[in-house]
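*Asks:* Once you've had a glance at the structure underneath, I'll fire off some questions.
Protein chains: 2
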Amino acid sequence: MAKNCLVGQSGGPTCVINASLLGVIKEARKHAEIGKIFGCKNGISGVIHEQFIDLSKYDDKKLELLKQTPSAILGSVRFCLNKIEDYEKILEVFKKYEIGYFLYIGGNDSMDVVNKLSIYFKEMNYNCCVIGIPKTIDNDLLFTDHTPGYGSAIRFIANSVCQIYEDTSCYQNGRVTVVEIMGRDTGWLTAASKLASLVSKGPDLIYLPECAFNLDDFINKIEDIYQKKKKVLVCVSEGIRDDSGKFLVEKFAYNQDNDVFGHMQLGGVSSVLTHIIKERLNIPVRAIELNLLQRCFAITSSKIDVDEAIRCGSYGLRQALFGQSGKMVVIKRSKKEKYHIMYRLVDVNKIANQTKYFPKEWIINDSDISSCYISYALPLMNQEIKVVYENGLIKFFKL
Amino acid sequence: MAKNCLVGQSGGPTCVINASLLGVIKEARKHAEIGKIFGCKNGISGVIHEQFIDLSKYDDKKLELLKQTPSAILGSVRFCLNKIEDYEKILEVFKKYEIGYFLYIGGNDSMDVVNKLSIYFKEMNYNCCVIGIPKTIDNDLLFTDHTPGYGSAIRFIANSVCQIYEDTSCYQNGRVTVVEIMGRDTGWLTAASKLASLVSKGPDLIYLPECAFNLDDFINKIEDIYQKKKKVLVCVSEGIRDDSGKFLVEKFAYNQDNDVFGHMQLGGVSSVLTHIIKERLNIPVRAIELNLLQRCFAITSSKIDVDEAIRCGSYGLRQALFGQSGKMVVIKRSKKEKYHIMYRLVDVNKIANQTKYFPKEWIINDSDISSCYISYALPLMNQEIKVVYENGLIKFFKL
Numbered sequence: 001m002a003k004n005c006l007v008g009q010s011g012g013p014t015c016v017i018n019a020s021l022l023g024v025i026k027e028a029r030k031h032a033e034i035g036k037i038f039g040c041k042n043g044i045s046g047v048i049h050e051q052f053i054d055l056s057k058y059d060d061k062k063l064e065l066l067k068q069t070p071s072a073i074l075g076s077v078r079f080c081l082n083k084i085e086d087y088e089k090i091l092e093v094f095k096k097y098e099i100g101y102f103l104y105i106g107g108n109d110s111m112d113v114v115n116k117l118s119i120y121f122k123e124m125n126y127n128c129c130v131i132g133i134p135k136t137i138d139n140d141l142l143f144t145d146h147t148p149g150y151g152s153a154i155r156f157i158a159n160s161v162c163q164i165y166e167d168t169s170c171y172q173n174g175r176v177t178v179v180e181i182m183g184r185d186t187g188w189l190t191a192a193s194k195l196a197s198l199v200s201k202g203p204d205l206i207y208l209p210e211c212a213f214n215l216d217d218f219i220n221k222i223e224d225i226y227q228k229k230k231k232v233l234v235c236v237s238e239g240i241r242d243d244s245g246k247f248l249v250e251k252f253a254y255n256q257d258n259d260v261f262g263h264m265q266l267g268g269v270s271s272v273l274t275h276i277i278k279e280r281l282n283i284p285v286r287a288i289e290l291n292l293l294q295r296c297f298a299i300t301s302s303k304i305d306v307d308e309a310i311r312c313g314s315y316g317l318r319q320a321l322f323g324q325s326g327k328m329v330v331i332k333r334s335k336k337e338k339y340h341i342m343y344r345l346v347d348v349n350k351i352a353n354q355t356k357y358f359p360k361e362w363i364i365n366d367s368d369i370s371s372c373y374i375s376y377a378l379p380l381m382n383q384e385i386k387v388v389y390e391n392g393l394i395k396f397f398k399l
Numbered sequence: 001m002a003k004n005c006l007v008g009q010s011g012g013p014t015c016v017i018n019a020s021l022l023g024v025i026k027e028a029r030k031h032a033e034i035g036k037i038f039g040c041k042n043g044i045s046g047v048i049h050e051q052f053i054d055l056s057k058y059d060d061k062k063l064e065l066l067k068q069t070p071s072a073i074l075g076s077v078r079f080c081l082n083k084i085e086d087y088e089k090i091l092e093v094f095k096k097y098e099i100g101y102f103l104y105i106g107g108n109d110s111m112d113v114v115n116k117l118s119i120y121f122k123e124m125n126y127n128c129c130v131i132g133i134p135k136t137i138d139n140d141l142l143f144t145d146h147t148p149g150y151g152s153a154i155r156f157i158a159n160s161v162c163q164i165y166e167d168t169s170c171y172q173n174g175r176v177t178v179v180e181i182m183g184r185d186t187g188w189l190t191a192a193s194k195l196a197s198l199v200s201k202g203p204d205l206i207y208l209p210e211c212a213f214n215l216d217d218f219i220n221k222i223e224d225i226y227q228k229k230k231k232v233l234v235c236v237s238e239g240i241r242d243d244s245g246k247f248l249v250e251k252f253a254y255n256q257d258n259d260v261f262g263h264m265q266l267g268g269v270s271s272v273l274t275h276i277i278k279e280r281l282n283i284p285v286r287a288i289e290l291n292l293l294q295r296c297f298a299i300t301s302s303k304i305d306v307d308e309a310i311r312c313g314s315y316g317l318r319q320a321l322f323g324q325s326g327k328m329v330v331i332k333r334s335k336k337e338k339y340h341i342m343y344r345l346v347d348v349n350k351i352a353n354q355t356k357y358f359p360k361e362w363i364i365n366d367s368d369i370s371s372c373y374i375s376y377a378l379p380l381m382n383q384e385i386k387v388v389y390e391n392g393l394i395k396f397f398k399l
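Line by line, the protein sequences give chains A and B. To convert, note that position 237 of the first sequence is 237 in my numbering; the numbers rise steadily by one, no gaps. To convert, note that position 295 of the second sequence is 295 in my numbering; the numbers rise steadily by one, no gaps.
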């Protein structure tokens, strides 16, 4: 007898989390073992509150727009599965809707739900395969060469930085421009600013959280470059820390003894740094946060990233049909020159609460990135998608 | 006898200032009366310092990249022409290089140079036609329906806002997101955030400098919307002012009696507003400055804008060949339904130091924009350019 498929989205959105949803829906339609395809609103919270959407009704052409729709079309959630009544409610709803396959598209934290539910269903003798589909722009998941979402994020970042570089270079006497890039504890996203140097003469300096940030050294480097070029472009991770492990933002925004900003934090690390540069060197500065656009500017999405996100979804469902559960899809890359990947599964409990850091051997003198990274990153972002516009505006899939 | 043509770029860069340069070069190649085509580095400063680039040598195919190269490829400058020795030096250099046609691509301030030089050359009986080619993302020049640069800027802004809207909508309990948009004293750029509502359900509120900003009213509106939707997207002009005409940023960042930020300014109006919202309503907030990307993100340039920028350049040179001088090119739009424009000249002294404000009758209840603006703006940005990439990065013209 056919069982139904349920798919949900969770955690911070990316440009391709909806592409993975598309992969699941497309694959589900190929299999007679699968009856209906449901989506739950706002991840696991939509299961508990029985907010289901029948995804079977949308035609293929309309669904294609999922490839260029950022954010999470089903709605997202940050939810920790702990209470026994939540488990019981989920099981009740799964039984009611005859869910035999549950695909959960999310990051690190969402994999905890995959892990717990797969164990719980086994304990309760409920036959349902639970598979995690990875997504995060941060690229900080272990066991996978890269994460869906990363390629599109770095394509936006690299293209933004080279365009900003050209803009900030046009005056003879320029400024120190500090571009702040996301990535939490890791420098994967900020490293992508190095790709801009393939078309522009910068950035001049790049700082990742993987190296302890030395403020005096930073100021000296800025001064040197500014004296020579009269303009400096610096890219920094939001999460840079000093050698004691303290976030730079935290250090300067909250330390009452050394209070630069009063009692409240007003901006990120780019504000902090431009303020210090201005104070110490008295040269013109500008802070730029790339901010949310890094994870939602679908117009510049990477085609490879979109395609891989779709395939992660469809591969995940196929593996569920094979009876796999409690696993996450990962991308393995062959060592060959030409870019070639395979999809595999990894036990989801190995993934949760782990972080894959940017390799230190790819960081040069604390403030530059080696060509090894360029070789790693280029295949993930070297093709564009064909965007469908209406009135000059990117067209979204709407439920 | 053939005379040479000189072209320069000045003021803040845009995505299409190089397209206007392309228009001048392409047109110059058609005319036997024109010998060489020179570019001066960093605007008029490159004339004074005799820094000329021979633009005749580049082939057409390479020059095509100017259509997608942001910033000012010749370098820009902010320069006030006052000293008599500067005038004399300019005349000397013009004579030496036999310049008969001078095209200056720039904004409001740059037109002052066009005005002064055209008068000076006439007084000195030096036969040289000086024509201004307009550019500014701000769209604040009089006598022209719109300015080259504006269409591309609003295409980026509208697409950014709708993508940010989707991103910020994905949680059930969201934040108040305040997006800060450029435009100095006018709201032309911020109004473009309304175009996002053609594909998304927001923004919720839009504030332009043309209406006095009432903080209490603003907070009330935010509270209302947040109570209903649990998320709010607000777009504000960097230059909003209170009813006494004081910039909001200035009021809260520098007023020592009412000192919110201590002694220094750390961010723009979005930082100020999110801080106040947080303090008064204690709800989650996020500030986003679209920042420099508004004027340099050439990947999303408007095709109409690029084409018009080229034609402004070529029209300007043709008019110089007809003997016109001391004029700026403007764009006139017919009143017909279908978008149709013509190029004309206006005396440059009418343009300088004037500002074209956003029409107050297009602002609804201080915080929304009428459909009249949508009709005005859509034809300026409803087509995309075909971007040439290399390795996934936008390709630039390089001198």
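Beta carbons are placed, not taken as given, at the ideal position from N, Cα and C, and that holds for glycine.
1. Under 8 Å Cβ-Cβ, which residues of chain A neighbour M381 (chain B)?
2. Which one of B:D366, B:C211, B:L21 and B:K356 has the shortest CA to CA distance from F102 (chain B)?
3. Strictly under 7 Å for the Cβ-Cβ distance: is S270 (chain A) near chain B by that measure?
4. Please check if any C-beta of chain B sits within less than 7 Å of the C-beta of I363 (chain A).
5. Excluding the 5 residues flanking M124 (chain A) on each side, which residues of the same chain have their C-beta closer than 7 Å to its C-beta?
6. Taking L103 (chain B) as part of the beta strand (DSSP E), name the residues at either end of that continuous run.
7. Distance, Cα to Cα, I34 (chain B) vs V24 (chain B)?
8. Does the beta-carbon distance from P70 (chain B) to D167 (chain A) come in below 7 Å?
9. Helix, strand or coil: which one does DSSP assign to C372 (chain A)?
10. Alpha helix (DSSP H) containing S270 (chain A): first to last residue?
11. If you count every other CB in all the chains shown that lies within 10 Å of the CB of M342 (chain B), and 16 or more means buried, which is it?
12. Does M1 (chain B) pass the burial test, meaning 16 or more other C-beta atoms within 10 Å, or should it be called exposed?
13. Could you pull the start and end residues of the beta strand (DSSP E) that T177 (chain B) belongs to?
14. From the DSSP secondary-structure annotation, give me the bridge partner or partners of V346 (chain A).
15. Which residues does DSSP pair with I341 (chain B) in a beta bridge?
16. Can you tell me whether E289 (chain A) is buried or exposed, with buried defined as 16 or more other CB within 10 angstroms of its CB?
17. If you drop the 5 nearest sequence neighbours on each side, which residues of the same chain put their C-beta closer than 6 Å to that of L55 (chain A)?
18. Using 8 Å as the threshold, is the stretch 233 to 241 of chain A in touch with the stretch 208 to 218 of chain A, meaning 3 or more CB pairs across them?
19. Express the C-alpha separation of G12 (chain B) and L81 (chain A) in angstroms, rounding to a whole number.
20. State buried or exposed for R280 (chain B), treating a residue as buried only when at least 16 other CB atoms are found within 10 Å of its CB.
21. For Y339 (chain A), is the classification buried or exposed, using 16 other Cβ atoms within 10 angstroms of its Cβ as the cut-off for buried?
22. In the DSSP assignment, the alpha helix (DSSP H) including N220 (chain A) goes from what residue to what residue?
23. Pull up the distance between the alpha-carbon of V346 (chain A) and that of I105 (chain A), whole angstroms please.
24. I'd like the span of the alpha helix (DSSP H) that includes A287 (chain B), first residue to last.
25. Could you tell me the boundaries of the alpha helix (DSSP H) in which F156 (chain B) lies?
26. So which residues on chain A does V16 (chain B) lean against when the C-beta distance must stay under 7 Å?
27. Are W362 (chain B) and S375 (chain B) touching if we call contact CB-CB under 7 Å?
28. Less than 7 Å separating the beta-carbons of Q9 (chain A) and A298 (chain A)?
29. Straight-line CA distance for I99 (chain B) to N4 (chain B)?
30. Apply the 10 Å Cβ neighbour rule to T177 (chain A) and answer buried if 16 or more other Cβ atoms are within range, or exposed otherwise.
31. Here's the rule: buried if 16 or more other CB atoms are within 10 angstroms of the residue's CB, otherwise exposed. What is I84 (chain A)?
32. Return helix, strand or coil for F261 (chain B), following the three-state DSSP convention.
33. Using a beta-carbon distance below 7 Å, is D138 (chain A) in contact with chain B?
34. Which chain B residues sit within Cβ distance under 8 Å of K395 (chain A)?
35. Express the C-alpha separation of A309 (chain B) and N255 (chain B) in angstroms, rounding to a whole number.
36. Quick one, which of A:I222, A:D138 and A:L195 has its alpha-carbon nearest R184 (chain A)'s?
*Replies:* Working from what's here:
1. Sequence index remark: in the second sequence, residue 381 (chain B) carries index 381 (1-based). Residues of chain A passing the Cβ test: G392.
2. By 1-based counting over the second sequence, the position of residue 102 (chain B) is 102. Minimum Cα distance to F102 (chain B) is reached at B:L21.
3. For the purposes of this step, residue 270 (chain A) is taken as residue 270 along the first sequence, with counting starting at 1. For S270 (chain A), the answer is no, since every Cβ of chain B falls outside 7 Å of its Cβ.
4. As a first step, residue 363 (chain A) is located in the first sequence; it is residue number 363 there, counting from the start. For I363 (chain A), the answer is no, since every Cβ of chain B falls outside 7 Å of its Cβ.
5. Against the first sequence, residue 124 (chain A) aligns to sequence position 124. Within the same chain, M124 (chain A) has close Cβ partners L91.
6. Counting from one through the second sequence, the residue named residue 103 (chain B) turns up at place 103. Start and end: I99 to G106.
7. Taking the second sequence and counting its residues from 1, one reaches residue 34 (chain B) at position 34. Taking the second sequence and counting its residues from 1, one reaches residue 24 (chain B) at position 24. So the two alpha carbons sit approximately 11 Å from each other.
8. In the second sequence, counting from the first residue as 1, residue 70 (chain B) sits at position 70. In the first sequence, counting from the first residue as 1, residue 167 (chain A) sits at position 167. Result yes, Cβ atoms of P70 (chain B) and D167 (chain A) sit closer than 7 Å.
9. Within the first sequence, the letter at position 372 stands for residue 372 (chain A). DSSP places C372 (chain A) in helix when its eight states are reduced to three.
10. Counting from one through the first sequence, the residue named residue 270 (chain A) turns up at place 270. Run containing S270 (chain A): V269 to L281, per the alpha helix (DSSP H) assignment.
11. Sequence index remark: in the second sequence, residue 342 (chain B) carries index 342 (1-based). Classification for M342 (chain B): exposed.
12. Along the second sequence, read from residue 1 onward, the residue named residue 1 (chain B) stands at position 1. The residue in question, M1 (chain B), is exposed, as its Cβ has fewer than 16 Cβ neighbours within 10 Å.
13. Here the question's residue 177 (chain B) lines up with position 177 in the second sequence. V176 to I181 is the span of the beta strand (DSSP E), which, as asked, contains T177 (chain B).
14. Taking the first sequence and counting its residues from 1, the one referred to as residue 346 (chain A) is at position 346. Answer by DSSP bridge pairing, in chain order: A:M328.
15. By one-based count along the second sequence, residue 341 (chain B) stands at place 341. By DSSP's assignment, I341 (chain B) forms a beta bridge with B:R333.
16. Residue 289 (chain A) sits at position 289 when you count from the first residue of the first sequence. The residue is buried, with at least 16 neighbouring Cβ atoms inside 10 Å.
17. On the first sequence, residue 55 (chain A) is found 55 positions in, with the first residue counted as 1. Once the five neighbours on either side are set aside, the close Cβ partners of L55 (chain A) are I25, I37 and G39.
18. Between the stretch 233 to 241 of chain A and the stretch 208 to 218 of chain A, the count of C-beta pairs closer than 8 Å reaches three or more; the two stretches touch.
19. For the purposes of this step, residue 81 (chain A) is taken as the residue at position 81 of the first sequence. For the purposes of this step, residue 12 (chain B) is taken as the residue at position 12 of the second sequence. Going from the Cα of L81 (chain A) to the Cα of G12 (chain B) covers about 52 Å.
20. Position 280 of the second sequence holds residue 280 (chain B). Classification for R280 (chain B): exposed.
21. If you number the first sequence from 1, residue 339 (chain A) lands on position 339. Per the 10 Å Cβ criterion, exposed.
22. Here residue 220 (chain A) refers to the residue found at position 220 of the first sequence. Where N220 (chain A) is concerned, the enclosing alpha helix (DSSP H) stretches over L215 to K229.
23. Residue mapping note: residue 346 (chain A) aligns to position 346 of the first sequence, counting from 1. Residue mapping note: residue 105 (chain A) aligns to position 105 of the first sequence, counting from 1. One C-alpha to the other measures close to 15 Å.
24. On the second sequence, position 287 is the one that residue 287 (chain B) refers to. In the DSSP assignment, A287 (chain B) falls outside any alpha helix (DSSP H) and lies within the beta strand (DSSP E) extending over V285 to E289.
25. The residue given as residue 156 (chain B) occupies position 156 in the second sequence. Element bounds for F156 (chain B): Y150 to T168.
26. Taking the second sequence and counting its residues from 1, one reaches residue 16 (chain B) at position 16. Those do not exist, as V16 (chain B) stays about 13 Å from chain A at its closest Cβ, beyond 7 Å.
27. Position 362 of the second sequence holds residue 362 (chain B). Position 375 of the second sequence holds residue 375 (chain B). No.
28. Locating residue 9 (chain A) in the first sequence gives position 9, counting from the first residue. Locating residue 298 (chain A) in the first sequence gives position 298, counting from the first residue. Not closer than 7 Å, so no.
29. Counting from one through the second sequence, the residue named residue 99 (chain B) turns up at place 99. Counting from one through the second sequence, the residue named residue 4 (chain B) turns up at place 4. Those two C-alpha atoms are separated by around 5 Å.
30. Stepping through the first sequence from its first residue, residue 177 (chain A) is reached at position 177. Burial call: buried.
31. The residue labelled residue 84 (chain A) in the question sits at position 84 within the first sequence. Taking all protein chains shown into account, I84 (chain A) has fewer than 16 neighbouring C-beta atoms within 10 Å of its C-beta and is therefore exposed.
32. Within the second sequence, the letter at position 261 stands for residue 261 (chain B). Reliability fails at F261 (chain B), whose pLDDT of 40 lies under 50, so the model's placement of it is uncertain and the value that follows must be treated cautiously. Reduced to three states, the DSSP call for F261 (chain B) is coil.
33. Position 138 of the first sequence, counted from the first residue, corresponds to residue 138 (chain A). It does not; no Cβ of chain B falls within 7 Å.
34. Translated into the one-based positions of the first sequence, residue 395 (chain A) becomes position 395. The contact set of K395 (chain A) on chain B, defined by CB atoms closer than 8 Å, consists of V199 in chain order.
35. Position 255 of the second sequence, counting from 1, holds the residue named residue 255 (chain B). Position 309 of the second sequence, counting from 1, holds the residue named residue 309 (chain B). Residue placement at N255 (chain B) is flagged as unreliable, the pLDDT there being 39, under the threshold of 50; the coordinate-derived value follows with that caveat. If you take the alpha carbons of N255 (chain B) and A309 (chain B), they lie about 42 Å apart.
36. Here residue 184 (chain A) is taken as the residue at index 184 of the first sequence, counted from 1. Nearest option by C-alpha distance: A:D138.
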